[in-house]
DNA sequence: ACTAGCGATTTGATCGTTCATCAGACAGAC
DNA sequence: GTCTGTCTGATGAACGATCAAATCGCTAGT
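Residue numbers (this note's numbering), protein chains in the order written: chain Y, 1 to 370; chain G, 1001 to 1370.
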């Protein structure tokens, strides 16, 4: 009995013939094994194995009206800013998706509107089942647009400035991150702790600022004149930090809203012959590759992107399966990674401190409030 | 005449009814417009526009036995090494693919073997039409495996160590890059130009070394004792450069095989209170974000990844369409980006030199030899 | 006037899978 | 012994597009 012609892909038909059952039984063996008697099941599975059969996804997609593909935009990672973060996220997303039987269709788009054009195309062609949008920001057109079309999606990032948004999102609690940084600095004996941030109005930046504000208030630390803001950049970070250091009562620690800003801060110290870590502490945010490239190693806050990706996938699939109708709002805790730039400890134990120490390696879920 | 039920996606059928033609004419209007009479065509296109119709990709995929998807692995961009390069490449690949009507399915895989497992899955399911593999290296199992399965693919990277490989590839001429670096340094008056590289046996590393060797030989420059090798890393780059600087006749320029190595070299200079650029020139490779993060800005070699991606797609589609049966071998020239780390010029014109100057911005195609 | 030939359009079949439905076997209850 | 219910497996139809081939209308050649 010829299993199949050489050069031809096995189909459900050829497997059925090989196992002496019908098409549907082969289909059941894969999609609803409990419906098939054990001995039949093993026979069918053996044939499947032997012929190397996998269901043709185009046919399955057509019949089930789903593609098992998730769309995700590749952000323009030109700058170091958050580029590394979103690349890591995409990686984690692909992993998490594949674990659940989905794949990721990635595309590039220079602007939000261009992204919506692509999504519109994919949506009309029913080329993907759902979307993941990342890098949400104030007056973001995407959530509303997607919701209006009834397209299933989950956002990595809160709907900044739209507290009554009804879509699902997963985000990292930036405020908790900066608060943890401040706690760490306080434990190191710092009391004048400055904040170098972005201009007000950026959701992410304001969130990180809020954490600094909350923690300094909790410890009754001085804040007057210790907040400086500017657009992201090394030069900007250096300039802002420079002005802080030139104060009559300069801070002994500088909490930066990003690793890039922190790099600028380190330069400002260098220019004044101040030693980072032992004399003035500097911290960043995002735990980008930058942190291990500078001297001293930069203390930073690491986003649990793997966990974010897993939650995003979980929520998305719940929506697709219909088992969830209400929006999920998930906030995860980031992890503090301490390096020498915030370590006042004596040099003898420097080697030990160099090794990144994650204060909370397994980020716990903060909330899933409705 | 009801165009379509609300909430229902338009199909070729509903468009046909709306335009008072048959299914096939609608199909032809999209896939073979020259077969349709102009007035019919415009009527059909108007209906398509009006109903917002796009062919269901699952149905089209099933019928045409092609998915218009290309598979591409997301490399573990943990380290800064070449991570940035491959992220940029993926971005460019998505762009180039979309311009030609294709999309990219990206997936993560920790090892080559894991990648082959995923590819095997995608292949059996006929979920993608072709693959792009990147980061080729010595004894790479992937090209042979793919070729044996008859899967269409193109590699970004030469088949190192396998001169008689029969698959198509596109790569960047690393030797031309380091040679251009040497030319630039010679023009700046340097004569003792060292090379800090990776251990022999890495295709990419050996290629870049070859360019240095060729160019130094062409100018009859000394090379004795001026080559140091080690695995990639900041510390390694610093150590190797340190030993070079401690020579009786130290080099005045250090050409590094990577930006990471170059960063180490800059540190070695710093530790010896030597000024990079004005006293000792340092250059890297890959034009990663690192180059603009260090002080002084690091001269580097930029790979034309957009051009690489375009050529990869072009070759791939030629293979898919059957218009190409012989393997394509495309080598593109990289571009030198000069920054302060290799600039001996006086400080008055520093501002001008700070602006990156691409010596050959539009990389020309070197060859397409068979 | 008749038909060959060509271009424009339509019709029937097909891609490979899963859904909905139905037939048969087999056990237990009366 | 028959009837009912459950479990297993089989059959026809459908998903929405394109391919192959047939049909129709028209012009031009004889």
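Every residue gets a Cβ at the ideal spot worked out from N, C-alpha and C, and that includes glycine.
How about residue i: is its C-beta nearer than 8 Å to some C-beta of chain Y?
i	result
residue 1158(G)	no
residue 1293(G)	yes
residue 1008(G)	no
residue 1055(G)	yes
residue 1319(G)	no
residue 1119(G)	no
residue 1124(G)	yes
residue 1059(G)	yes
residue 1067(G)	yes
residue 1266(G)	no
residue 1127(G)	yes
residue 1090(G)	yes
residue 952(G)	A question about residue 952(G) goes unanswered here, because the residues of chain G that appear run from 1001 up to 1370.
residue 1074(G)	yes
residue 1290(G)	yes
residue 1244(G)	no
residue 1263(G)	yes
Take residue i and list the residues in its own chain whose beta-carbon comes closer than 6 Å to its own, dropping the five residues that flank it on each side.
i	result
residue 161(Y)	138
residue 1282(G)	1254, 1262, 1265, 1266, 1276 and 1341
residue 102(Y)	68 and 70
residue 92(Y)	305, 306 and 309
residue 1199(G)	1229
residue 180(Y)	336
residue 1210(G)	1175
residue 56(Y)	none
Start and end of the beta strand (DSSP E) containing residue i?
i	result
residue 1201(G)	First-last for residue 1201(G): undefined, no H or E at that position.
residue 140(Y)	Here residue 140(Y) belongs to no beta strand (DSSP E), and DSSP marks it neither H nor E.
residue 1106(G)	1103-1108
residue 1283(G)	1281-1283
residue 1254(G)	1253-1256
residue 1287(G)	Careful: residue 1287(G) lies outside any beta strand (DSSP E) and carries neither H nor E.
residue 1171(G)	1168-1172
residue 155(Y)	153-156
Kindly indicate the opening and closing residues of the alpha helix (DSSP H) around residue i.
i	result
residue 116(Y)	112-124
residue 36(Y)	Taken as a continuous stretch (DSSP letters only), residue 36(Y) belongs to no alpha helix (DSSP H), as it is neither H nor E.
residue 16(Y)	12-19
residue 1274(G)	First-last for residue 1274(G): undefined, no H or E at that position.
Got a sec? Which residues, its chain only, sit under 8 Å from residue i by beta carbon, not counting five neighbours each side?
i	result
residue 1035(G)	1028
residue 128(Y)	67, 69, 70, 71, 105 and 122
residue 1183(G)	1215
residue 1166(G)	1147 and 1327
residue 21(Y)	40, 43 and 44
residue 208(Y)	174, 175, 177, 178, 197, 257 and 285
residue 1116(G)	1141, 1142 and 1145
residue 1110(G)	1076
Between residue i and chain G, is there a C-beta pair that is closer than 8 Å?
i	result
residue 52(Y)	yes
residue 95(Y)	yes
residue 87(Y)	yes
residue 62(Y)	yes
residue 247(Y)	no
residue 184(Y)	no
residue 305(Y)	no
residue 70(Y)	no
residue 240(Y)	no
Skipping 5 residues on each side, what residues in its chain have a beta carbon closer than 7 Å to that of residue i?
i	result
residue 347(Y)	In this prediction, residue 347(Y) scores a pLDDT of 37, lower than 50, which makes its location untrustworthy; the coordinate-derived value is nonetheless stated afterwards. Excluding sequence neighbours, residue 347(Y) sits near nothing in its chain.
residue 204(Y)	174
residue 1186(G)	1219
* What are the uninterrupted segments assigned as alpha helix (DSSP H) that are 4 or more residues long and contained completely in the region 297-355 of chain Y, given in chain order? -> 305-321 and 350-354
* To do: Can you give me, in chain order, the residues of the region 35-48 of chain Y that have a beta carbon less than 7 Å from any beta carbon in chain G?
  => none
* To do: Select from the region 10-32 of chain Y all residues with a C-beta closer than 9 Å to any C-beta belonging to chain G, and list them in chain order.
  => 10
* **Continuous beta strand (DSSP E) assignments of at least 3 residues falling wholly in the region 1177-1249 of chain G** => 1193-1197 and 1227-1229
* To do: Name, going along the chain, the residues of the region 98-113 of chain Y whose beta-carbon falls closer than 8 Å to a beta-carbon of chain G.
  => 98, 103, 104, 105, 106, 107 and 108
* Got a sec: which bits of the region 1216-1236 of chain G sit with their beta carbon under 9 Å from any beta carbon on chain Y, in order along the chain? -> 1234
* Just list the alpha helix (DSSP H) runs in the region 47-95 of chain Y, keeping only unbroken ones of 4 residues or longer that don't cross its boundaries, in chain order. => 57-64
* To do: Select from the region 1130-1158 of chain G all residues with a C-beta closer than 8 Å to any C-beta belonging to chain Y, and list them in chain order.
  => none
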